[in-house]
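Here the sequence shown is numbered in my numbering, starting from 440 and rising by one per residue. A quick write-up on the structure given underneath.
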Amino acid sequence: MMVEKPIFIVGVGRSGSTAFHEMLSEHPQVTWLSPLCNLCPQNFFLNRLLMRAIDCPLAGTYLKRKIKKSEGYKFWEFHCKGFSAPCRDLLAEDLTDKVRAKIQKIMSAMLTNKRNRLLIKVTGWPRIGFLQAIFEDAKFIHIVRDGRAVANSMINVGWWRGWQGPESWRWGELTPSQRQEWEKYGKSFLALAGIEWKILMDAMDKAKGSIDSNNFLEVKYENLCCDSVQVLKGVLKFCNLEWSEKFEKSIRRHPLENKNYKWQKELTNQQRCILEDVLGDYLKKYGYV
440 MMVEKPIFIV GVGRSGSTAF HEMLSEHPQV TWLSPLCNLC PQNFFLNRLL MRAIDCPLAG
500 TYLKRKIKKS EGYKFWEFHC KGFSAPCRDL LAEDLTDKVR AKIQKIMSAM LTNKRNRLLI
560 KVTGWPRIGF LQAIFEDAKF IHIVRDGRAV ANSMINVGWW RGWQGPESWR WGELTPSQRQ
620 EWEKYGKSFL ALAGIEWKIL MDAMDKAKGS IDSNNFLEVK YENLCCDSVQ VLKGVLKFCN
680 LEWSEKFEKS IRRHPLENKN YKWQKELTNQ QRCILEDVLG DYLKKYGYV
């Protein structure tokens with residue numbers, strides 16, 4: 440079965456993409472990556488068997504509740520070296536014919552007759568140019584969240600590599616102006632998290648310019664929290680997927696609380712000022728001030 444119009448969820452980490460992924464994965468037509476892909480990347484057919492099992496009347500309900508969705512970075516790295524943690528965005532020029540053919544074959548083998556649309560989530564670098572070179576008709580959904588909330592969330596997760604400085608993270612060297620900005624605030628880690636958000640948002644702006652605008656949709660985390668049903672209706676229309684009462688019922692089981700208030704509650708006045716100063720122009724650009 441050929442992969443047609445695969446759907447890729449993209450965006451900066453800590454932006455609500457996991458919650459959105461969980462919701463969209465409820466659609467009965469989509470195939471998504473499970474932890475099996477990371478555990479047995481060479482046996483990718485196991486994921487197809489899982490998708491079939493999920494559609495069984497009795498076992499399906501239990502499996503959907505127990506099996507988590509995965510970004511599958513170990514799976515990607517096994518089949519496509521460098522995909523999981525490149526030092527810059529992956530472009531069409533980085534794709535080899537060998538990898539293109541391999542990924543097309545593997546993803547095609549995961550689809551079922553019922554679940555014939557591929558749904559993948561990746562965060563960090565957009566990788567849009569690279570993925571679009573594999574699947575020309577791919578659909579991309581960019582999840583956007585207030586950069587102040589994202590930066591505050593970054594410094595509260597154990598895997599954030601900014602603590603080791605920009606020499607050790609995944610986003611390349613700071614430009615002279617970025618380093619000057621960071622040093623302006625005494626090499627504040629919060630300022631560095633804000634700079635990271637700007638780096639990745641710039642990369643997304645550049646990447647989306649390389650594809651047809653009809654294949655790119657921006658979804659704000661804040662709107663998703665406010666009215667997930669209305670947002671998902673627009674998403675399904677964009678993806679050419681059918682809406683149903685059953686799907687609506689399933690996404691209502693994923694209530695979302697807007698947690699953007701945390702950055703204001705958890706940071707000091709000085710830290711809030713630093714963050715707003717670092718992100719000022721970008722917050723205006725994306726409608727957050």
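Backbone N, C-alpha and C fix where the C-beta goes; we use that ideal spot for every residue, glycine too. Quick caveat: nothing in here was measured; it's all calculated off a predicted structure.
Self-check item: Cβ-based neighbour list, K659, same chain, cut-off 6 angstroms, excluding 5 preceding and 5 following
Solution: V583
Quiz item: Do the segment 548-560 and the segment 473-490 meet, that is, are 3 or more Cβ pairs less than 8 angstroms apart?
Solution: yes
Practice problem: Compare the C-alpha of A458 against each of W598, W515 and K560 and name the closest. | Solution: K560
Quiz item: Does the ligand FAD have a heavy atom nearer than 8 angstroms to the CB of M640?
Solution: The ligand FAD is absent from the structure shown, which contains no ligands of any kind.
Quiz prompt | Same chain only: Cβ atoms within 7 angstroms of N591, ignoring 5 sequence neighbours per side | solution = K701, W702, E705 and L706
Exercise. Please name the residue, chosen from L722, S464, I448 and H466, that lies closest to F761 on a Cα-to-Cα basis.
Key: The requested residue 761 does not occur in the structure, where the chain is confined to residues 440 to 728.
Quiz item: Looking only at its own chain, which residues have a Cβ that is under 6 angstroms from the Cβ of M593, when we skip the five neighbours before and after it?
Solution: R453, W599 and A632
Quiz item: Can you tell me whether V596 is buried or exposed, with buried defined as 16 or more other CB within 10 angstroms of its CB?
Solution: exposed
Quiz item: Going by other Cβ atoms of all chains shown within 10 Å of its Cβ, with 16 needed for buried, is W636 buried or exposed?
Solution: buried
Quiz prompt | Per DSSP, the bridge partner or partners of R731 | solution = Here the chain covers residues 440 to 728 and nothing more, so residue 731 does not appear.
Quiz item: Which word fits S652, buried or exposed, when buried means at least 16 other C-beta atoms lie within 10 angstroms of its C-beta?
Solution: exposed
Quiz item: Looking only at its own chain, which residues have a Cβ that is under 6 angstroms from the Cβ of I446, when we skip the five neighbours before and after it?
Solution: L558, K578 and C678
Quiz item: Could you give the uninterrupted runs of the alpha helix (DSSP H) lying entirely in the segment 549-618, keeping only those of 4 residues or more?
Solution: 567-573 and 586-593
Quiz item: Checking contacts by CB at 9 angstroms: is G499 closer than that to chain D?
Solution: Of the chains in the structure shown, none is chain D; there is only one protein chain.
Quiz prompt | Rounded straight-line distance, which links the Cα of C519 to that of V538 | solution = 6 angstroms
Practice problem: Mind checking who K659 pairs with in its DSSP beta bridge? | Solution: V583
Self-check item: Secondary structure, alpha helix (DSSP H): runs of 4+ residues fully inside the segment 669-715
Solution: 684-690 and 701-705
Quiz item: Where does the unbroken alpha helix (DSSP H) through I638 begin, and where does it stop?
Solution: F628 to K647
Quiz prompt | C476 classed as buried or exposed, judged by whether at least 16 other C-beta atoms fall within 10 angstroms | solution = buried
Exercise. Give a yes or no on contact between the segment 607-624 and the segment 565-575, applying the rule of three or more CB pairs nearer than 8 angstroms.
Key: no
Quiz prompt | Boundaries of the alpha helix (DSSP H) in which I493 is found, first to last residue | solution = F484 to I493
Practice problem: Give me the Cα-Cα distance between Y501 and L656, rounded to the nearest whole angstrom. | Solution: 32 angstroms
Practice problem: With a cut-off of 8 angstroms on the beta carbons, I'd call H693 and M490 a contact; round off their distance for me. | Solution: Wrong, their Cβ atoms sit about 20 angstroms apart, outside the cutoff.
Exercise. Reducing DSSP to helix, strand and coil, say where F517 ends up.
Key: helix
Quiz prompt | Alpha-carbon to alpha-carbon, W608 and C526 | solution = 8 angstroms
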